[in-house]
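Chemist:
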Amino acid sequence: MTPSVPSGAELLIRGLDVLRTHQERSRRTLSLIPAENVMTPVARLPFVADLAARYMFDERPDPADGDWRFPAGKEAAWLETGLTVPLLRRLTGAAAVNVRPLSGLHAMQTVIAALGGPPGSKIACLAPAQGGHYATADVARQMGYTPAHLPGDGMHELDTDELAGFLREHRPSLVYVDQCHALTGLDITPLAAAIEQCGLATALHVDVSHTFGLVMGGALPNPLTCGADSLSASTHKSFPGPQKGIIATRELATAERITQIQPRMVSNHHFAAVAALGLSLAAFADHADSYARAVVTNARTLGKELAHGGWALAGAEFGYTRTHQLWVTRTPQHSARDAAGRLYDAGLHVNWLTDLPVDGPALRLGLAEATWLGLGAEDMPHLAQIMIAAADGSVPPAELAERTAALHPEDPYPFTPRLDESATASSAADVQAFLSGVSR
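First residue of the sequence shown? That's 164 in my numbering, and the numbers climb one at a time after it.
1. When DSSP builds the beta bridges, which residues end up paired with W490?
2. Distance, Cα to Cα, H368 vs G376?
3. For D522, which three-state DSSP category applies?
4. Pairing CB atoms from the stretch 192–205 with CB atoms from the stretch 558–578, are three or more of them under 8 Å?
5. Measuring CB to CB, does L489 end up less than 8 Å from L476?
6. With DSSP run on the structure shown, which of helix, strand or coil describes K237?
7. Considering Cα atoms alone, identify which of P166, G529, A451 is closest to G381.
8. Is the distance from the Cβ of R263 to the Cβ of V429 below 8 Å?
9. Please list, in chain order, all residues of the same chain as E325 whose beta carbon is under 6 Å from its beta carbon, the five residues on each side excluded.
10. If you drop the 5 nearest sequence neighbours on each side, which residues of the same chain put their C-beta closer than 6 Å to that of A270?
11. Could you name the residues of the same chain whose beta carbon sits closer than 7 Å to that of V521, not counting the 5 residues immediately before and after it, in chain order?
12. How is the beta strand (DSSP E) around P310 delimited, first residue to last?
13. Enumerate in chain order the residues of its own chain whose CB-to-CB distance from L214 is below 8 Å, with the five nearest sequence positions on each side excluded.
14. I'd like to check one pair, R420 with A259: are the Cβ atoms closer than 8 Å?
15. Which parts of the stretch 241–284 are runs of the alpha helix (DSSP H), unbroken and 4 residues or longer, counting only runs that do not cross its ends?
16. Helix, strand or coil, according to DSSP, for T412 in the structure here?
17. With burial defined as no fewer than 16 other Cβ atoms inside 10 Å of the residue's Cβ, what is the status of A564: buried or exposed?
18. Between R485 and L383, what straight-line distance do the alpha-carbon atoms span, to the nearest angstrom?
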C-alpha cells in the first residue's frame, strides 16, 4: 500500500508545532555550548521584517550608473553603512571592516583566497593539537595551497625559539592563527615580531571567532594592536549576534585585497543578518567591557565549583580558563557522552567532543550565553550543583530541569541599554501585524 503524502498545509502545521515546542524548551533550558549565543529580541527583528528578502549590493552607488541597481533595500542602507560597519570599526579599532562573509569558515576561505598568494604557496596555521580549527589545513589544501603547522607543543603557546627558523624555511605567504579551542588567548606578538625580523611579506591573520566578544570587550588582547594585519570572526559565539562572519583589517591596503576577491567568494551577503549584527553591536557597545569581564568571571567560578565537586578540568594551573570556555576531562561516574545526555535531561546543553587537545573525549562548556542572559557569579554554585547532581544521578532529572528553569533571570539581558516603551512600540506593532498574517 502506497503511503499517503502529507499536504503542504499539514507540513506547515507540523513545522509550526516543532518550532513552538523548541521555543518553549528554550525558555526553560540553558545553553552552555561555547559556539552559541543568543541575540536580544530587538536584534532579531530584521529576520521577520521585509529586509530578510532584500539585497544590499549598492553600498557605494555610482552616480554615473544611475544610482541603485537593487533599490528595494535603499531606505535601510544605513543599517549596514551607518550602523554595523562604523560600530565594528570602533569596537575592533580597524581601518576597515568587511561584512560580506556568511560565517566564520566562509571568512576563512575569503581571507585565504585574498591573502594566500599564488596557488602552491604555503600557509601556516595551528595544528589541532594546539587548539587549531579542524578545517583550516584541509581548506587551504583544497584551495591549492600547502599548509604547514606552526611550531609549538602546548595548547596555548608557540615555540618562540623556533619561529624564525620555521618562517625562513617555509616562507609562508599567510600565517593564519586559527585558535578554535581556547582556554586562554594565544600571544601573537612574538609571531608578528618574527615575521618582521625575517623581512618577509607574509600576511598575519588571526581568527577570533570564539573570543570575538571578549576581544571587543577588552578581556583579551586585540590582535590588530598586537601586530596582526587582519582578524576575522563568526559573530555568534562569545559575541551575542547573528550567525554570520566579518573581517577587519589594520590597513586599508589589506582591506582592498579582500574587496578585490570578494565578488568571486560571495554574492548575497544576507542583509537581514547584517542589520541584526548592527543592532546586536549597538546593544553590546555601552557595556562591552562589563559583559566580557563577567563572562570570564563566570567561567572561572563555575570551573572552581565543578572541580570542588570532583570533576577534572583542564587549565587548573591558571584558574581553569581565561576565556568563556571550560574543558571537563573527566566526571566521576560517566563518560563525556553519557554526562552530556544526563545534562540535557536536566535542561543544560553542552558539547561533548573528541577533538579537544586533551586525552580522550571531553565536555566543552561555555558561559557566554548564560552571562548575556543575566546569570552572575552568584549563580555558578547553583549551576554546578545541578550539573553534578545530573551527572551522578542523585536527583531526578525532572527536578533538576525545574531548577535549571528557575535560573533564568526574570529581567534578562542586563548588559543592554534599557529602551523606553515609546522607542519600541511601533516596531512591536509591526511585528504583531506580520505575525497576524501567518494564518492567512
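Backbone N, C-alpha and C define an ideal beta-carbon position, used for all residues, glycine too.
From a predicted model like this one, the values you see are computed outputs, not experimental measurements.
Modeler: Reading from the atomic positions:
1. Position 327 of the sequence shown, counted from the first residue, corresponds to residue 490. DSSP, once it has assigned bridges, lists R527 as partnering W490.
2. Numbered from its first residue, the sequence shown carries residue 368 at position 205. Numbered from its first residue, the sequence shown carries residue 376 at position 213. H368 and G376 have their alpha carbons spaced roughly 18 Å apart.
3. Here residue 522 refers to the residue found at position 359 when the sequence shown is read from its first residue. Of the three classes helix, strand and coil, the one that applies to D522 here is coil, per DSSP.
4. Remark: three or more beta-carbon pairs, one from each stretch, lie closer than 8 Å, so the stretch 192–205 and the stretch 558–578 are flagged as touching.
5. On the sequence shown, position 326 is the one that residue 489 refers to. On the sequence shown, position 313 is the one that residue 476 refers to. A contact, by the Cβ cut-off of 8 Å.
6. Reading the sequence shown from its first residue, position 74 is the one you call residue 237. K237 falls in the helix class under three-state DSSP.
7. Here residue 381 corresponds to residue number 218 of the sequence shown, with the count starting at 1. It is A451 whose Cα lies nearest to the Cα of G381.
8. As a working note, residue 263 is residue 100 in the sequence shown. As a working note, residue 429 is residue 266 in the sequence shown. In contact: R263 and V429 (Cβ atoms closer than 8 Å).
9. Along the sequence shown, one-based indexing puts residue 325 at 162. Counting only Cβ-Cβ distances below 6 Å, and skipping sequence neighbours, we find P314.
10. As a working mapping, residue 270 is identified with position 107 in the sequence shown. Only P264, S395, G408, I410 meet the Cβ criterion.
11. For the purposes of this step, residue 521 is identified with residue 358 of the sequence shown, where counting begins at 1. For V521, where only same-chain residues beyond five positions count, the Cβ hits under 7 Å are A477, W490, T492.
12. Within the sequence shown, residue 310 is the residue found at index 147, counting from 1. For P310, the uninterrupted beta strand (DSSP E) run begins and ends at 309–312, by DSSP.
13. Taking the sequence shown and counting its residues from 1, one reaches residue 214 at position 51. Correct list, in chain order: G236, A239, L242, F434, A435, A438.
14. Working through the sequence shown from its first residue, we reach residue 259 at position 96. Working through the sequence shown from its first residue, we reach residue 420 at position 257. Result no, Cβ atoms of A259 and R420 do not sit closer than 8 Å.
15. 248–255, 267–278
16. As a position in the sequence shown, residue 412 is number 249, starting the count at 1. In the three-state DSSP reduction, T412 falls in the strand class (E or B).
17. For the purposes of this step, residue 564 is identified with residue 401 of the sequence shown, where counting begins at 1. Label assigned to A564: buried.
18. The residue labelled residue 485 in the question sits at position 322 within the sequence shown. The residue labelled residue 383 in the question sits at position 220 within the sequence shown. Going from the Cα of R485 to the Cα of L383 covers about 8 Å.
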